[in-house]
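Below: one structure, written as C-alpha cells.
In the working numbering, the protein residues as written are 2 to 116.
Written as C-alpha cells, this is what we have:
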C-alpha cells in the first residue's frame with residue numbers, strides 16, 4: 002500500500018506538472034491569439050486603405066484616358082483642317098498663277114506701250 006501511495010503521489014506530481022505546463026501554454030496561446038487579432042485588424046485597415054487607393058488610381062487613369070482620347074480627336078481635327086488649308090492655298094496659288102498668265106497675255110507689254 003505504501004508503494005501504491007508512492008506511485009499515486011508520483012503520478013499526481015506528474016499530472017500537476019502537466020497541468021502547470023498546459024496552463025502556461027494556454028496563457029501563451031491566448032496572448033499570441035490576442036496579438037494576431039490586433040495584427041489582423043491592422044492589416045484589414047491597411048487592405049481597405051489600399052483598395053481605396055487603387056480605386057482612386059483607376060478613376061484617375063480613366064480620366065486621363067478620356068483626356069488623351071479627346072486630345073487625339075482634337076489633334077486629328079486640327080490636322081484635317083490644316084490639310085484643307087494647304088489644299089486651299091495650293092488652289093489659290095494655282096488660280097493666281099493662271100490669272101497672272103491671263104493678264105500678261107491680254108495687256109500689252111512694255112514695248113507695245115511705247116508706241
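Ideal Cβ placement from N, Cα and C applies to all residues, glycine included.
Please report how far the alpha carbon of residue i lies from the alpha carbon of residue j, in whole angstroms.
{"i": "residue 11", "j": "residue 33", "result": "33 Å"}
{"i": "residue 31", "j": "residue 60", "result": "43 Å"}
{"i": "residue 81", "j": "residue 92", "result": "17 Å"}
{"i": "residue 65", "j": "residue 78", "result": "20 Å"}
{"i": "residue 105", "j": "residue 95", "result": "15 Å"}
{"i": "residue 54", "j": "residue 71", "result": "26 Å"}
Which class does residue i belong to by DSSP, given the choice of helix, strand or coil?
{"i": "residue 9", "result": "helix"}
{"i": "residue 89", "result": "helix"}
{"i": "residue 103", "result": "helix"}
{"i": "residue 108", "result": "coil"}
{"i": "residue 2", "result": "coil"}
**Q.** Residue ranges of each beta strand (DSSP E) within the region 60-84, 3 or longer
**A.** none
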